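Residue numbers (the working numbering), protein chains in the order written: chain A, 114 to 441; chain B, 11 to 301; chain C, 315 to 615.
Virtual Cβ for every residue (Gly too), placed ideally from N, Cα, C.
Please read these numbers as outputs of a predicted model, since none were measured by experiment.
Presented below is the structure to which this report refers.
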Amino acid sequence: MRRAVKRRSGNVVVLASLAAAVAAGVMGLGLGACSQDPGGSKAQAAEKRVSAVVTIAPLAGLVRDLLPAGSEVTILMPPGRSEHGYEFTPKDLATIGKADLVVQVGLGLEPKVEQFLTEHPSEGRAEVVLGKVLGISEGESDHEHHAHDEHGNCLHDHGVDPHVWLDPVLVAEAVPALTEAVVKAGRRTSQDLSGSAKAAQEELLRRLKELDAEYAAALKPFEGRAIVTHHAAWGRLASRYGLRVADVLRPAESSEPTPEQMASVVEALKRENVPAVFIEPQYDAKSAKRIAEQAGLPVKTLDPLGEGDYFAMMRANLGVLVSALNGK
Amino acid sequence: MKTLEYLRDYPDLFWPACLAALALALLCSMLSVLVVLKRMAFIGQGISHAGFGGIGLAAVFGLASASLSPGATIAQFVVVLGFCIASALGVGILSAQHKQGQTHEDTAIGIVLVLSMAIGSVLVGIYSPRFQWESFLFGYLLNTAWPDAWMAVGVSVGVLAALFWARRPMAFWAFDPRAAEAFGVRTGAVRVLLLVLLAVATVTAMRLAGVVLASALLILPGAAALRLSSRFGVVMGLSVACAVVGVLAGLVLSFETNWPPGPSIVFTLTAVYLVASVAGRRAFAPSVQAG
Amino acid sequence: MGIDPQHEIGPSGFAAALEYRGVSFAYPARAADGPSVPVLSDVTLSVSHRERLGVLGPNGGGKSTLLKLTLGLIKPTRGTIRVLGREPGAARAEGLVAYVPQKSGAELAFPISARQVVLQAATLHLPAWKRTDAESIRRAEWALSLVGATEYADRHAGALSGGQLQRVWIARALANRPRLLLLDEPTVGIDPAGQQQFSDLLTRLRNEMDLTIVVVSHDLRTVAAGCDRVACLARTLHFHDAPGGLTPAVLAEVFRHDVSAIFGDVHIDAHRAAECAHHHPTQGAGAGGASRPIVDGGRSS
């Protein structure tokens, strides 16, 4: 029942974005017709637009910066949904099939997308899987059932944390591969993007470095402090900047915490001088509020996905972390 | 015993869930006798799905978002409840026409059910597309806070008072509707009252404990009690006892095994039912079988 | 019991226990422009106090409509009905009319004893906050003993035989001491010996309680045994002074098929039959005299 509903409400959003995509396509066609006019250079640019598809919102922010202005980036997972347990619809997969560039996280987060790309190879389509680019092994875990796993501790069991995008240093490592893919996608639309992409890459790397420095400086005073988060998304970020994730509320992303988990989180909160319970907007906050109440701590929101602007998301999260650790 | 530890060390975390579970046991168990006798289990399902439409309506009023003030949460509950009661009455009216050979009750429930889901889906999509509504409809017992628990107690007391108030016509109607009508029982009103009480119980239980536990509490205690006695008053009392025992045992099971409380309670309620069936067959075989 | 003088009829000066005047009833049309469905047309009837009337009719002949009208559950399309001088609904609300439904209406899996069945009716008028009082219990016991059901009063209703259940239904109907008792197909599923006992029971009840009794059935034996008069109902009423007065011809007209099969073991008194034929259908108030003021054959359709 619940699953069916999820899919249904997912569909509504997907449909909306699809409608937008269709509208954009119609506009593109109209402009294409105009391009018969030899003077229509603007129209030609539109025809050669690279269509990029990313699985989650933060990737959109990164890829968009590398693409020429006016390119189209489609985010498959609708906003408000958790990156775990999202089921890609046939329409999502059809969108991927038409794309010039597909960027995904890998590491078991989007097995259906990976499977689709393997089963439907396309000449010249550029594909980036962050996990592979970064040389992080998925391990032997069968992530096919990741989302359905009701026994919990999926990440703990397998030890692979797919939330690489929350670590600016890892993201910077992946940028060259992204740039390459953009250039490849450009070739597919018979454009030479190597010059512009290289320039964009420099700018992106600079901004990532800046972000990294900001994080390092802001979190330096709190080295060794423990945090408790909603689900196990923040381990890479925490270890990069000297924080520690003492416990998570939802070891199994798709199910509510069991009595023992609730008690264990309360214990961790009391034991570790944790500043706040960090929840995420993609999950129901009820249990977190109950636990925070019991421990007498405030509830703060960290957003691991954001709205598609990577740097805005990262800076907002940093602000929340710092103010919470400051006891504000 | 982890149970005692939990209750001692984390009182604000687990006591509200226990209180709410007991309140829901009282609320649902008495109704469950009537649900089983009048074969109304499917109506409960229909009403619980009507909650989708209710959330849709709440979205129109801006009452569907992840962070609501306590007042707005109550307003949201009232809107959802109102929608479910309206749906229950809709089922009542549609199936009342059944007498004239127009709509079968199952069909009526099916219509209300899918229509509610469609309305809810469209309205939430328009007014609050990012709202994760399923978590608002399908509760998790351990998320119960003190205000929710006291609300469950209040609803319980209210529903049981209404049942007590209407017990004579209600029992007469439940036993022999045609005779009840001829004896001056306003059968239409009694039926509507039962549907409304069922809607209130279903929505409350679903919101706090999830739809599976709500259904279990509205079926299993009554079914178990009916195996044990052939006296109406005794059956009512036994139903309450079965529900309370099942719920408490289920909570202990959940605390000890670290299983989620909803399924644990369903297991223990089913165990109570099985025990009642075996015990009941021995003690009351002649009368029950003749019935 | 106050009797509205307006409804006093007949030379005896007694109001009829049950009176129909030109009553018709039709179910509303299914479609907006479709025809309405007539069930009863122009029924006129008067049942006096302590009379026992049998109404015989085929299924679909309007028997249950007649009962519903008498109980005030539905309103006639035309004509007036008076029960003990009152509107049918008011008489029912006062507990003056009681009804014994067909067995099939009850949920026999319901956890209830025979005694509780009777108590349900006896306590129905009590305010919600009052416990079952001694008076209600006394009336229930009295009703149970009147029908001879005391010995199995504690048994589960679902465990009783058809005949025992029938007595329990009657006890339930009597618990509020009604003046008019309506019985719907009372002998379905009861063997012939049980039917005779049942008929004797009705006779005893009538004598002890001064009851007026209307028995409605499609079964000739049920209505014939012990009734003072028999009416045949097939949209309209046909009256006969005595059960023996039913002729095969009339029955055939009512049932619209050969009645020899159901007629088989009922003794037909030729003399009575002739008498009945003499009275039917023009003038009904003859043989019975004062106690049966109005008997009207109605129009045959």
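Beta carbon proximity, residue i to chain B, threshold 9 angstroms
| i | result |
| --- | --- |
| residue 148 of chain A | Here the model assigns residue 148 of chain A a pLDDT of 36, short of 50, so the residue's position is not dependable, and the following value carries that caveat. Answer no: the Cβ-Cβ gap between residue 148 of chain A and chain B never drops below 9 angstroms. |
| residue 438 of chain A | no |
| residue 270 of chain A | Only weak support exists for where residue 270 of chain A lies, its pLDDT of 42 falling under 50; the value from the coordinates is given anyway. It does not; no Cβ of chain B falls within 9 angstroms. |
| residue 360 of chain A | no |
| residue 486 of chain C | yes |
| residue 479 of chain C | no |
| residue 142 of chain A | Per-residue confidence for residue 142 of chain A stands at a pLDDT of 38, beneath the threshold of 50, marking its modelled position as unreliable; no derived number is given. |
| residue 449 of chain C | no |
| residue 581 of chain C | Bear in mind that the predicted position of residue 581 of chain C carries a pLDDT of just 38, short of 50, making it unreliable; the figure below should be weighed with that in mind. Not one chain B Cβ lies under 9 angstroms of residue 581 of chain C. |
| residue 369 of chain A | yes |
| residue 483 of chain C | yes |
| residue 412 of chain C | yes |
| residue 361 of chain C | no |
| residue 332 of chain C | no |
Residue i: first and last residue of the uninterrupted beta strand (DSSP E) it sits in
| i | result |
| --- | --- |
| residue 295 of chain A | It is not in any beta strand (DSSP E) - residue 295 of chain A instead sits in the alpha helix (DSSP H) that spans 281–301. |
| residue 546 of chain C | 543–548 |
| residue 357 of chain A | 357–363 |
| residue 165 of chain A | 164–167 |
| residue 185 of chain A | 185–188 |
| residue 414 of chain A | 412–414 |
| residue 442 of chain A | Any answer about residue 442 of chain A is impossible in this case: the structure gives chain A only from 114 up to 441. |
| residue 120 of chain B | It is not in any beta strand (DSSP E) - residue 120 of chain B instead sits in the alpha helix (DSSP H) that spans 115–137. |
C-beta neighbour in chain C for residue i, strict 9 angstroms
| i | result |
| --- | --- |
| residue 241 of chain B | yes |
| residue 200 of chain B | no |
| residue 167 of chain B | no |
| residue 244 of chain B | yes |
Within chain A, the residues that residue i reaches when beta carbons sit closer than 7 angstroms
| i | result |
| --- | --- |
| residue 16 of chain B | 372, 376 |
Limits of the unbroken alpha helix (DSSP H) element including residue i
| i | result |
| --- | --- |
| residue 234 of chain B | 221–238 |
| residue 217 of chain A | Not the alpha helix (DSSP H): residue 217 of chain A falls in the beta strand (DSSP E), residues 214–217. |
| residue 158 of chain B | 156–175 |
| residue 455 of chain C | 448–460 |
| residue 336 of chain C | Element bounds for residue 336 of chain C: not the alpha helix (DSSP H) but the beta strand (DSSP E), 332–341. |
| residue 226 of chain A | 224–232 |
| residue 62 of chain B | 51–70 |
Where residue i meets chain D, residues with beta-carbon distance less than 7 angstroms
| i | result |
| --- | --- |
| residue 223 of chain B | The question asks about chain D, but that chain is absent: this structure's protein chains are A, B and C. |
Cross-chain neighbours of residue i in chain B, by beta carbon under 9 angstroms
| i | result |
| --- | --- |
| residue 379 of chain A | 19, 20, 23 |
Listed by chain order, chain B residues near residue i by CB distance under 7 angstroms
| i | result |
| --- | --- |
| residue 406 of chain C | 194 |
Beta-carbon neighbours of residue i, restricted to chain A and to distances below 9 angstroms
| i | result |
| --- | --- |
| residue 155 of chain B | 399, 402, 403, 406 |
8 angstroms Cβ cut-off: residues of chain C touching residue i
| i | result |
| --- | --- |
| residue 207 of chain B | Within 8 angstroms Cβ-Cβ: nothing; residue 207 of chain B doesn't reach chain C, min ~15 angstroms. |
Neighbouring residues, chain C, relative to residue i (Cβ below 7 angstroms)
| i | result |
| --- | --- |
| residue 236 of chain B | 425 |
is_contact[residue i, chain A] using C-beta, thresh 9 angstroms
| i | result |
| --- | --- |
| residue 150 of chain B | yes |
Positions along the region 174–193 of chain B whose CB lies within less than 9 angstroms of some CB in chain C: Residues 174, 175, 176, 177, 178, 179, 181, 182, 184, 185, 186, 187, 188, 189, 190, 191, 192, 193.
At least three beta-carbon pairs within less than 8 angstroms, the region 61–69 of chain B to the region 249–261 of chain B: With a cut-off of 8 angstroms, the region 249–261 of chain B and the region 61–69 of chain B do not count as touching, because too few Cβ pairs lie within range.
Any 3 or more C-beta pairs closer than 8 angstroms across the region 192–212 of chain B and the region 429–439 of chain A: Contact between the region 192–212 of chain B and the region 429–439 of chain A is absent, because fewer than three Cβ pairs lie under 8 angstroms.
Contact list for the region 260–288 of chain B against chain C, Cβ threshold 7 angstroms: Of all residues in the region 260–288 of chain B, none has a C-beta nearer than 7 angstroms to a C-beta of chain C.
At least three beta-carbon pairs within less than 8 angstroms, the region 416–432 of chain A to the region 364–380 of chain A: Using a C-beta cut-off of 8 angstroms, the region 416–432 of chain A makes no contact with the region 364–380 of chain A, since fewer than three inter-stretch Cβ pairs fall below that distance.
Within 8 angstroms of chain B by C-beta, residues of the region 401–426 of chain A in sequence order: The region 401–426 of chain A vs chain B, Cβ under 8 angstroms: 402, 403, 404, 406, 407.
Validate contact between the region 275–291 of chain B and the region 333–341 of chain C using beta carbons, cut 8 angstroms, 3 pairs: The region 275–291 of chain B vs the region 333–341 of chain C: no contact.
contact_flag[the region 406–413 of chain A, the region 302–319 of chain A] where n(CB pairs < 8 angstroms) is 3 or more: Look at the beta carbons and you see the region 406–413 of chain A not touching the region 302–319 of chain A: under three pairs across the two are nearer than 8 angstroms.
Cβ-based contacts, 7 angstroms cut-off: residues of the region 43–54 of chain B near chain C: From the region 43–54 of chain B, only 47 have a Cβ closer than 7 angstroms to chain C.
Positions along the region 414–445 of chain C whose CB lies within less than 9 angstroms of some CB in chain B: Hits within the stretch, in order: 414, 415, 416, 418, 419, 420, 421, 422, 423, 424, 425, 426, 427, 430, 431, 434, 435, 437, 438, 439, 440, 442, 443.
The region 384–410 of chain C: positions lying closer than 7 angstroms to chain B by Cβ: Among the residues of the region 384–410 of chain C, those with a Cβ less than 7 angstroms away from any Cβ of chain B are 385, 387, 406, 407, in the order of the chain.
Validate contact between the region 502–516 of chain C and the region 452–459 of chain C using beta carbons, cut 8 angstroms, 3 pairs: Touching, no.
Cβ contact check for the region 429–438 of chain C and the region 207–222 of chain B: 3 or more pairs under 8 angstroms: Note that the region 429–438 of chain C does not touch the region 207–222 of chain B; fewer than 3 beta-carbon pairs, one per stretch, sit closer than 8 angstroms.
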